[in-house]
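Notes follow once the structure below has been shown.
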Amino acid sequence: MSKPGNEPDTALVDSSPSVQAHLSILQAVIQRMAGNSAGCKTWCITIVSAILVVTAEQQNPSVVWIAVFPTALFAALDIYYLALEKGFRCTYEAFVRKLHTGDLLPSDLYDVQPTGSVWRLQAGALRSFSVWGFYLPVAMLALVVGWAVSSGVA
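Using the working numbering, the letters of the sequence shown map in sequence onto residues 107 to 260.
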C-alpha cells in the first residue's frame, strides 16, 4: 500500500509489464498492417502478370481488362491497410506521449483501436506514393500490353 503523497505501487511507468505488453501489442498490429500492405503488392504483381501472359499468348486484347480489376482491388486493400497502419501509429504515439507526460490511465491499456477517422486516413493513404506510385504503373502496363496485343505488336 502506498503512503500519502507517494505514487501508488501500480503506477504506470515505462518499465511496467502492462505498459510493455500494450506497446508490444500495438507494434505487432502495426507490423501486421505493413506486412499486409506488402502482401497486396506481391499478390497484385503475381496475378496481373499471369493475366498479361495469358493475354499475350491468346492474342486477345479484351482479356487485358481483367487485369485492371485485381489492380483496383489490391489498391483498395492496400489503402485500407495503410490507413489502419497510420491509425495504429497515431495510437502508439499518443500512448507514449501520455506515458511521458504522466497522463496515462489504466483504461488506456485496454484501448487498441486506430486513432482518427477511417475515411481521412484512407484519403491520406490514397495520396501516398506507395499506393499510386505502384498501382498506377501496373494499370498502365496492363493497358500498354492490351494496346500492343490489339495492334499486333506483341
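Even for Gly, the Cβ is constructed at its ideal location relative to N, Cα and C. Please read all numbers here as calculations on a predicted model, not as lab measurements.
Given Leu249 as reference, the closest of Gln126, Ile131, Ser121 and Leu158 once Cα atoms are compared: Comparing Cα-Cα distances from Leu249 to each of Gln126, Ile131, Ser121 and Leu158, the minimum goes to Leu158.
Can you name the start and end residues of the alpha helix (DSSP H) that Tyr216 belongs to? Where Tyr216 is concerned, there is no enclosing alpha helix (DSSP H), given that its DSSP letter is neither H nor E.
Given that a residue counts as buried once 16 or more other Cβ atoms are within 10 Å of its Cβ, and exposed if not, what is Tyr266? Since the first residue of the chain shown is 107 and the last is 260, residue 266 is not available in this structure.
If we count Cβ pairs, one from each stretch, closer than 8 Å, do we get three or more for the region 121 to 130 versus the region 153 to 169? Too few Cβ pairs lie closer than 8 Å, so no.
Which residues bound the alpha helix (DSSP H) around Asn142? Its alpha helix (DSSP H) spans residues Pro123 to Gln164.
Please classify Thr177 as buried or exposed, where buried requires at least 16 neighbouring CB atoms within 10 angstroms. When all chains shown are included, Thr177 counts as buried.
So, for Gly252: in the same chain, excluding its five sequence neighbours on each side, which residues have a beta-carbon less than 6 Å away from its beta-carbon? Its chain contains Pro167 and Val170 as the residues whose beta carbon lies nearer than 6 Å to that of Gly252, once the 5 sequence neighbours on both sides are disregarded; these appear in chain order.
Can you give the Cα-Cα distance for Ala144 and Asp184, rounded to whole angstroms? Between the C-alpha atoms of Ala144 and Asp184 there is a straight-line separation of about 8 Å.
Taking the alpha carbon of Gln133 as the reference point, which residue from Pro220, Leu232 and Ala229 has its own alpha carbon closest? Looking from the CA of Gln133, the closest CA among Pro220, Leu232 and Ala229 belongs to Pro220.
Quick one: using the 10 Å Cβ neighbour count with 16 as the cut-off for buried, is Phe240 buried or exposed? It counts as buried.
Where Thr207 and Thr197 are concerned, what is the direct C-alpha to C-alpha distance, given to the nearest angstrom? So the two alpha carbons sit approximately 15 Å from each other.
Between Tyr187 and the rest of its own chain, which residues show a CB-CB distance below 7 Å, the 5 nearest in sequence each way excluded? Around Tyr187: Met139, Asn142, Ser143 and Cys146.
Does DSSP classify Ser236 as helix, strand or coil? In the structure shown, Ser236 sits in a helix (DSSP, three-state: H, G or I).
Helix, strand or coil at Gly111 according to DSSP, with G and I counted as helix: Unreliable positioning characterises Gly111 in this predicted model, as indicated by a pLDDT of 49, which lies under 50. The coordinate reading is nonetheless provided below. Correct three-state label for Gly111: coil.
Alpha carbon to alpha carbon, how far is Glu191 from Met107? Give it in angstroms, no decimals. Confidence is the limiting factor: at Met107 the pLDDT is only 40, short of 50, which leaves the residue's position unreliable, though a coordinate-based value still follows. Whole-angstrom Cα-Cα distance: 40 Å.
Can you tell me whether DSSP reads Asp184 as helix, strand or coil? For Asp184, the secondary structure class from DSSP, reduced to helix, strand or coil, is helix.
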